[in-house]
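Note that numbering that gives the first Met the number 0 has the sequence shown beginning at 0, numbered continuously upward.
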Amino acid sequence: MRVVGLISGTSVDGIDVAVAELDVTGDEVVLAPLGHNSLPYPEDLRRELLAALPPAAATLEQVTRLDTLVGQAFGEAAATMSAGADLVASLGQTVFHWVEGGRARGSLQLGRPAWIAERTGLPVVADLRVRDIAAGGHGAPLASTLDALWLHDLAPAVALNLGGIANVTVVRADGVLAFDTGPGNALLDLAAHDVTGGAQSSDLDGAIAARGRVHPELLERLLAEPYYSAPPPKSTGKELFHAGYLRAAAAGLDVADEDLLATLTELTAVTVARACAEATTVIASGGGADNPSLMRALARHLPGTRLATSDEFGLPRSAKEAYLTALLGWLTWHGIPANLPAATGARGPRLLGSITPGTHPLAMPAPHPATVTRLQVAAAPAQPIGVPDAPS
């Protein structure tokens, strides 16, 4: 079965789309990556999304407009790679993740799936987080579903996603633990935008941080954040780690621009390394894996640990979450629970998401009779499907 996976991460820098061929034999799923792409949001839409994120106040009119516009953008992104596909899965654009008293209460992803179904003619699995939250979980990190299956035979190993928020899946012989460690690129991106006067939306190649030194007092203040000492399962987002948070942490300190970036890089490295301390292998993906300064800092804090990227294990680091989304949709379509209660804190396994029909009536397969315990990433075909240009 061929599935298109769609997601836009907390950095709000565009829509990642990937196509996977998925099959199952007994307890093993085989995922063959067929191609991927990343399409930037139209600049005015990205600007509107960023302006509506916490701690800003958004009106219902804004939310409705954005839900439609993001859905249409996701539909166009899916259409660039939907030829020959059977299903689309979308994790949407997260704009608010409601956590109160250490418990997730709700999570809002924009991008109404009806627009995707209308544009592609394919059924769409979407709204993948809320069922886990309704069952007492955090609805995150859902990457743990793929990671636990994928790294089953590599324990002890850690899958690390360095997105706007960093998350880990710790796979051990005695079980799996997964959680958000804190900011990955979120604070770094804010600082880079600020110190470059808006010329950059990120610290390209970690160049600014590489010129700076860690500011000890600022790092100490940042590491005092209570979230880091809270036990998992736990999740967080830009509702906590936003521009006002960073300004408050640096208040009264004289911090040079390059030292600010160096300190925030160190913050991400330290908080991630604490979660990876027992691992023999750490497999990184996400935008932060392209930041040499961050990867060097991680290596320094993880001596004796093999630090690799997911590319070395068959999944492109820039598209791993889009392939994850394809897997989640495929699991739901086949009646297989797609959450990992040990990671999210849910009361038990749950089928995730809602299904929006495409052009034709739904014709779903009988639920798969076996429990899935492993995932094999197959080698990409010699001639993977093409990636057409994004529509104008």
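Backbone N, C-alpha and C fix where the C-beta goes; we use that ideal spot for every residue, glycine too.
Buried is the label assigned to M80, since at least 16 other Cβ atoms lie within 10 Å of its Cβ. D256: member of the alpha helix (DSSP H) spanning D256 to A274, first to last residue. For F73, the uninterrupted alpha helix (DSSP H) segment begins and ends at L59 to A78. Closest by C-alpha distance to A116, out of T343, R373, R171 and I354, is I354.
With 16 or more other Cβ atoms inside 10 Å of its own Cβ, M294 counts as buried. Relative to A229, the option among I207, A247 and G181 whose CA is nearest is G181.
Note on geometry: alpha-carbon atoms of L189 and A223 lie some 20 Å from one another. In this structure, the straight-line span from the alpha carbon of L59 to that of L150 is close to 42 Å.
Here the alpha carbon of L127 sits roughly 6 Å from the alpha carbon of L90. By the Cβ rule, the stretch 46 to 55 does not count as touching the stretch 330 to 341, because fewer than three pairs are nearer than 8 Å. With contacts defined by Cβ atoms closer than 8 Å, G100 and I132 do not form a contacting pair. The stretch 300 to 316 and the stretch 343 to 351 do not touch, with fewer than three beta-carbon pairs separated by less than 8 Å. Inter-segment contact for the stretch 234 to 248 and the stretch 196 to 211 is absent: fewer than three beta-carbon pairs are separated by less than 8 Å. Between A88 and T324, the C-beta spacing is below 8 Å. In this chain, the beta strand (DSSP E) harbouring L90 covers L86 to E99. The three-state reading of DSSP puts D204 in helix, counting H, G and I together. Pairing F73 with T267, the inter-Cα distance amounts to about 30 Å.
Beta bridge pairing from DSSP links E20 with R1 and A31.
Between the stretch 364 to 372 and the stretch 160 to 170, the count of C-beta pairs closer than 8 Å stays below three; the two stretches do not touch.
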